[in-house]
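All the letters of the sequence shown, read from the start, carry residue numbers -28 to -1, 1 to 178 under mature numbering (1 follows the signal peptide of the UniProt record, and there is no 0). Glycine residues also receive a C-beta, built at the ideal position from the N, C-alpha and C atoms. These notes concern the structure reproduced below.
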Amino acid sequence: MTTFRILLPIAALALGLAAPLAATPAAAQGAKPGASGGGALAGVGSSKEPISIDADRLDVFDKEGRAVFSGNVIAVQGDTNMRCTEMNVLYESKRAEKGEPGAAASPAPTGGLPTDSSIRKIECKGPVTIKTKTQTATGDRAEFDRVVNKVFLIGNAALSDGTNVMKGERVAYDLNTGVANVVGGGGGRVRALIVPGAEKDKPKPR
């Protein structure tokens, strides 16, 4: 396994992938980040720690603005970690956006993403598992679209916070409003298990 340590703008990777964890029962009712359901989002969003990405292989297609991590991918930032089969990162060169000459993004010394790039979209093929100290999100795949600032967990989506569990076919989380929408697929229904007092009894992070 190869390790690629990359500093991404405003911790885009962990911010985007950790967002579904905020969609606990409270967030699904429209809670804002920082409320009882938004602890993971608020914590990761403010983190400036480097993101460590472990993968069996990394392919960078600079002209296409695409980097692909494949094979047992593990991304870690602070207390948040994400596992998937393949991570496809779509980016744009900031110089290209400004129309400067020689706008091709310059490769990073680590062999990772170009240093002057900005993330447009992250696509993770599953099974996808995202964990913080107390919260877990799983699904067949996950997407983070920075253009609309939304995160999607698609296919057999499950969100858990301690003993509270929510399941659906798809989760859409709006980072601008802090509102999560959970829908069932194929005429199915959303299922939720909420244990009264679970938040109070949850062990405090040390």
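In this structure, the alpha-carbon of residue 50 lies about 18 Å from that of residue 56.
Across the set 134, 166, 168, the C-alpha of 134 shows the shortest separation from the C-alpha of residue 105. Judged by DSSP in its simplified three-state form, residue 28 adopts coil rather than helix or strand. Relative to residue 127, the option among 37, 115, 64 whose CA is nearest is 115.
Per the C-alpha coordinates, the member of 29, 147, 148, 152 positioned closest to residue 140 is 152. In terms of CA proximity to residue 168, 136 leads the group 130, 136, 23.
For residue 64, the secondary structure class from DSSP, reduced to helix, strand or coil, is strand.
Contact between residue 144 and residue 124 is confirmed by a C-beta separation of about 5 Å, below the 8 Å threshold. Residues of the same chain with a CB within less than 6 Å of the CB of residue 95, apart from the 5 flanking positions on each side, are 60, 115 in chain order.
Around the Cβ of residue 119, a 10 Å sphere holds fewer than 16 other Cβ atoms; the residue is exposed. When secondary structure is reduced to three states using DSSP, residue 36 falls in the helix class.
For the pair residue 150 and residue 31, the Cα-to-Cα distance works out to about 34 Å. Taken through DSSP and simplified to helix, strand or coil, residue 122 comes out as strand. Judged by their CB atoms, residue 157 and residue 142 are nearer to each other than the 8 Å cut-off. Taking the Cα of residue 132 as reference, the smallest distance to any Cα among 113, 147, 102 is reached at 102.
Looking at the DSSP output, residue 53 sits in a beta bridge with 48, 103.
Rounded to whole angstroms, the gap between the alpha carbons of residue 97 and residue 165 is 27 Å.
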